[in-house]
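Here is the structure we will look at, set down as structure tokens.
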Amino acid sequence: MLVCELIVLLQVVVTGQNVIHLAQGRLRGVAKDGYVSYTGIPYASITGTLGRFKRAGIAPLWPDIRNSRSSTCSLVSDAEPCLQLDVHVPSAGGGNWPVLVWVTGGSGPYSPGRMVHEGIIVVIVHHRLGPSGFLCLRDENIPGNAGVKDAVLALRWVRDNIVAFKGNAAKVVVAGQSFGAAMVEAILLSNMARGLYHGAILQSGSALCPWSFNYDAEKRAMALDNVSETKNELVKSLLDTETEDLVARGNKLNVPYFPFGMCVEKASKKEERLMFEAPRDILARKKNDTVPMIIGYNNNEAYVFVSMLREANVLRRISKSVTFLLPDDLKFLNERERKQTGRLIKDMYFKNNLTMAAVLAYHRDAYFSSHIHRSVRHHAATASVFYYQFSYSGDFGVQAEPGVPKRGAAHSDELAYLFFDGNLEREEGTVQRRVIKLWTNFVKHLNPSAQSDVKWEPTQPDTYRLLDIGTELSMIDYPHSKTSYLWDEIYEKYYYTRNRISN
């Protein structure tokens, strides 16, 4: 014990003027209203072109005091600006703060001041995005899943350094929204991050969602370069291609939502593997880590895509071909199976009802809620899962589209209440205070109802009740059981890896 304390004293020292000493060097934070922000901290590094799509290396050192700076990570960024994190720490006396590690899903910026005021540290993890983070050729040069491995390295950095910020490395909750939630679930399913977290929050995303995982990784990578004749030529071409060009080529592929996603990696002696099997197969074998979790979705997820769905002439395409309704992670032996399954889906959502409202219900279930519900069922069998539906729609978040009424909460709407530093008023202020209290209670106690008058009970395998977060808080039955049952039947028959991905 004495040796451990001595090591900590040698590595991390807090000084005046919000300057902190780490093994990497000194950091200067920026004082804000009730908390201090240390932003743009490198947690890993990449050197040379050959490491571009691989797991990053150790964090760099710096000789002078490093001032806080904004992270500039985007789809077309080089790796270095993305391998940074931000640490937001309460100004109040005390310490041993519980830690929320937020894995970004690509959106932002994030202003976590209201959560920090509740007595937790919030760490925002940036990581490689798009092709830089998720191009996957399943070989040693482009093994795949680099972006998720970045997040694992960030968790290791938190374990080793959060004590410098008076944080408690034994009380870490890892969280994310949308693709960030899918990444967090992948972390839960991997051996790479065992022991680095003690709870998890998945908002509006799962590693089971069709858009999160790339079942045709090699084929999709090859489609980015139609000139190379051998795999060696392809690898060299992809390594030499600018990220901006890879993004542009990926956008031309006929892939819903994200052209780049997570993948099953091949065995390698040179690279830590994140994933040996597809997430759905790992969960089916009950190989996942078991920690308390908050999992949920927004009741009108697809509303955020109204403009995109209009531009894609979705109503016309559905009327023209029922197979348009089939997600990419289904595999059929023949066209008869494809059309038969497409008709089942069309009859469920569009029988005498080919409207944009029906399209939104279909997209919510096909790409979000049915997969999140399946994830809940798997995790709830071995751990406490606090299940929710966010249904509040106020002036913040996604704005209503002309001609399409907004009923409920769109994808990302809840972020406007979690990551807004100001004080909202009236009804919106009540929603903001409730959500922040529930989430920070979970970070502190692994129970959102602790020290609260709200009774949010873990969901049970026989009922799957959840907390509806609207103008009021109420426990309700899962409202999409009928459509969820249909999707379960379809995936039992036609899920992609009934023909296994070899590794």
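Numbering-wise, the sequence shown is residues -16 to -1, 1 to 487 according to mature numbering (1 follows the signal peptide of the UniProt record, and there is no 0). Here a beta-carbon is modelled for each residue, glycine too, at the ideal position from N, C-alpha and C.
Option in the options with minimal Cα separation from residue i
i: Val168; options: Gly189, Gly179, Val73; result: Gly189
i: Val275; options: Ser221, Arg417, Val156; result: Val156
i: Asp437; options: Leu422, Leu450, Thr447, Ala148; result: Leu422
i: Ser162; options: Lys16, Ala394, Asp461, Gln444; result: Ala394
i: Val419; options: Gln444, Arg449, Thr455, Glu441; result: Thr455
i: Thr424; options: Arg12, Leu84, Gly79, Gln68; result: Leu84
i: Leu408; options: Asn175, Arg391, Gly378, Val427; result: Gly378
i: Ser61; options: His182, Thr227, Asn175; result: Thr227
i: Glu261; options: Asn129, Thr447, Ala135, Ser368; result: Asn129
i: Arg53; options: Gly92, Gly387, Leu113, Gly13; result: Gly13
i: Phe370; options: Lys390, Lys323, Lys439, Asp313; result: Lys439
i: Leu113; options: Pro65, Glu476, Glu255; result: Pro65
i: Pro445; options: Pro432, Glu411, Tyr462; result: Tyr462
i: Leu314; options: Lys477, Arg50, Ser95, Asp123; result: Lys477
i: Asn431; options: Gly79, Ser368, Phe380; result: Ser368
i: Thr31; options: Ala63, Gln1, Leu11, His429; result: Ala63
i: Phe403; options: Glu255, Lys236, His101, Val219; result: His101
Rounded straight-line distance, which links the Cα of residue j to that of residue i
i: Ile25; j: Ile329; result: 47 Å
i: Pro263; j: Cys247; result: 9 Å
i: Leu192; j: Ile108; result: 24 Å
i: Met292; j: Met340; result: 12 Å
i: Glu(-12); j: Thr23; result: Bear in mind that the predicted position of Glu(-12) carries a pLDDT of just 43, short of 50, making it too unreliable to give a figure here.
i: Lys215; j: Arg204; result: 13 Å
i: Asn145; j: Pro82; result: 14 Å
i: Arg39; j: Ala177; result: 14 Å
i: His464; j: Asp331; result: 16 Å
i: Asp200; j: Gly406; result: 44 Å
i: Ser58; j: Lys133; result: 17 Å
i: Cys120; j: Lys16; result: 41 Å
i: His182; j: Asn318; result: 45 Å
i: Tyr469; j: His363; result: 18 Å
i: Leu267; j: Leu172; result: 10 Å
i: Phe308; j: Gly92; result: 32 Å
i: Pro442; j: Met459; result: 11 Å
i: Phe334; j: Phe197; result: 27 Å
i: Gly387; j: Leu299; result: 15 Å
i: Tyr475; j: Ser303; result: 23 Å
i: Thr467; j: Ala207; result: 34 Å
i: Asp349; j: Pro311; result: 11 Å
Proximity of residue i and residue j at Cβ, strictly below 8 Å
i: Val87; j: Gly160; result: yes
i: Ser221; j: Val231; result: no
i: Gly234; j: Pro240; result: no
i: Val73; j: Val20; result: yes
i: Gly97; j: Gly179; result: no
i: Ala184; j: Val142; result: no
i: Tyr351; j: Trp471; result: no
i: Ile453; j: Ser359; result: no
i: Tyr287; j: Val382; result: yes
i: Ser55; j: His110; result: yes
i: Glu285; j: Ser353; result: yes
i: Arg327; j: Val306; result: yes
i: Gln373; j: Asn283; result: yes
i: His347; j: Phe289; result: yes
Residue span of the beta strand (DSSP E) that contains residue i, given as start and end
i: Asp461; result: 457 to 461
Alpha helix (DSSP H) segment containing residue i, residue limits
i: Val415; result: 410 to 429
i: Val3; result: Counting along the chain, Val3 falls outside any alpha helix (DSSP H), though it belongs to the beta strand (DSSP E) covering 3 to 5.
i: Asn145; result: 130 to 145
i: Val100; result: 97 to 100
i: Asp452; result: Element bounds for Asp452: not the alpha helix (DSSP H) but the beta strand (DSSP E), 449 to 453.
i: Tyr281; result: Tyr281 -> not in any alpha helix (DSSP H); beta strand (DSSP E) instead, spanning 277 to 282.
i: Ile171; result: 163 to 172
i: Ala63; result: 63 to 66
i: Asp313; result: Here Asp313 belongs to no alpha helix (DSSP H), and DSSP marks it neither H nor E.
i: Gln324; result: 319 to 334
i: Leu402; result: 399 to 402
i: Ser221; result: 215 to 224
i: Thr467; result: 465 to 478
i: Pro263; result: 263 to 268
i: Phe289; result: Unbroken run through Phe289: none, as it is neither H nor E.
Residue(s) in a DSSP beta bridge with residue i
i: His72; result: Ser21, Val106
i: Ser375; result: Paired residue(s): none; Ser375 is not in a bridge.
i: Arg10; result: His5
i: Gly151; result: Trp81
i: Gly183; result: Val157
i: Pro26; result: Gln68
i: Asn51; result: Arg12
i: Phe370; result: Ile278
i: Glu385; result: Val388
i: Val87; result: Val109, Gly160
i: Met246; result: Phe197
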